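Right, one structure below, let's go through it.
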Amino acid sequence: MGNRLVSKRSFCILSGLSGIIGVVLILVSFNINPGPPPGATSAELMEFGRQHYGSVLWGGWLQVVGPVLIILFAFSLVHLAGAAQSLSGWMTFFGATILMTVSLIEVTFYISAFHADPPTMPFISLSVISAVQHLYFIVAAPTLFLPLGIILIGAPIIPRWFGYLAVLLGVAFGALGVIYLLTLTLSAGVTAFAGIQALWG
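Going by this note's numbering, the residue at position 5 of the sequence shown is 5; the numbering climbs one at a time, nothing skipped.
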């Protein structure tokens, strides 16, 4: 019985550390991965790539690894709540899969933007990145936060306000996805809102 309690305590500590480290990685990625200037010419994009090559690629790495750790934390909460076999638990897993897929696609096009052959590749990559960013708001964040929030509201594993906050974030992301659906390139202010999902963790 004692070993079991120690094991559960260790699981909770490691899960919490996973969430904290994931948040730190995401926040660092936002700070070291600057976007190119809007409306940049081909020459300006090449110069931007030369100056920020390392920071963009390391930022992309952080932007992929950080969500993995945050999702591990979310899955741990589902497990501790005993909700893994519930509809909300399945939808949390589904939402995490979508969120991770969107992150991977976005970072893939960070990398492809550095290819100068064909010459249009940087422009195509940046356009795809702008398109993919819509998916965070339309589906990725809402399908993760809404079911996870429902689980946390009904499970006394962490303060209940975390659950209500998760539901609120899910609704806010979904609303922004609808409001800016017809805007092909999201403004910096809107994309910056995506960072709030890291702060929740």
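Virtual Cβ for every residue (Gly too), placed ideally from N, Cα, C.
This structure is a prediction, so every number in the text was calculated from the model and none was measured.
- State the start and end residues of the unbroken alpha helix (DSSP H) segment that holds tyrosine 136. Per DSSP, tyrosine 136 belongs to no alpha helix (DSSP H) and is neither H nor E.
- Query: Can you give the Cα-Cα distance for phenylalanine 93 and leucine 99, rounded to whole angstroms?
  - Reply: 10 Å
- Query: Taking C-beta to C-beta, are isoleucine 212 and glycine 174 nearer than 9 Å?
  - Reply: Because the chain is modelled from 1 through 201, residue 212 falls outside the range shown and cannot be assessed.
- Give a yes or no on whether the C-beta atoms belonging to histidine 223 and glycine 189 are separated by under 9 Å. No answer is possible for residue 223: it lies beyond the span of the chain, which begins at 1 and ends at 201.
- Task: Could you name each continuous alpha helix (DSSP H) segment of 4 residues or more that falls completely within the stretch 162-195, going from the start of the chain to the end?
- Result: 188-193
- Could you tell me which uninterrupted beta strand (DSSP E) segments, each at least 3 residues in length, are contained entirely in the stretch 63-122, listed from first to last along the chain? The DSSP assignment places no complete beta strand (DSSP E) segment of no fewer than 3 residues inside the stretch 63-122.
- Secondary structure of proline 159, DSSP reduced to three states: Reduced to three states, the DSSP call for proline 159 is coil.
- Item | Beta-carbon gap between proline 159 and serine 88 smaller than 9 Å | Between proline 159 and serine 88, the gap from beta carbon to beta carbon reaches 9 Å or more.
- Query: How many angstroms separate the CA atom of leucine 186 from the CA atom of isoleucine 26?
  - Reply: 19 Å
- Rounded C-alpha distance that separates arginine 234 from tyrosine 164: Missing from the structure shown is residue 234; the chain here goes from 1 to 201 and no further.
- Just checking, does the stretch 58-71 make contact with the stretch 105-124 on the three C-beta pairs under 8 Å criterion? yes
- Message: Within 10 Å of its beta-carbon, does serine 29 have 16 or more other beta-carbons around it, so buried, or fewer, so exposed?
- Response: Under this definition serine 29 is a buried residue.
- Item | Rounded straight-line distance, which links the Cα of alanine 40 to that of tryptophan 161 | A direct Cα-to-Cα measurement between tryptophan 161 and alanine 40 gives close to 44 Å.
- Can you say whether alanine 120 is buried or exposed, counting buried as having 16 or more other CB atoms within 10 angstroms of its CB? Reading the sequence as shown, one finds threonine at residue 120 and not alanine. The residue is exposed, with fewer than 16 neighbouring Cβ atoms inside 10 Å.
- Inspect the beta-carbon positions of phenylalanine 48 and proline 36 and report whether they are closer than 9 Å. yes
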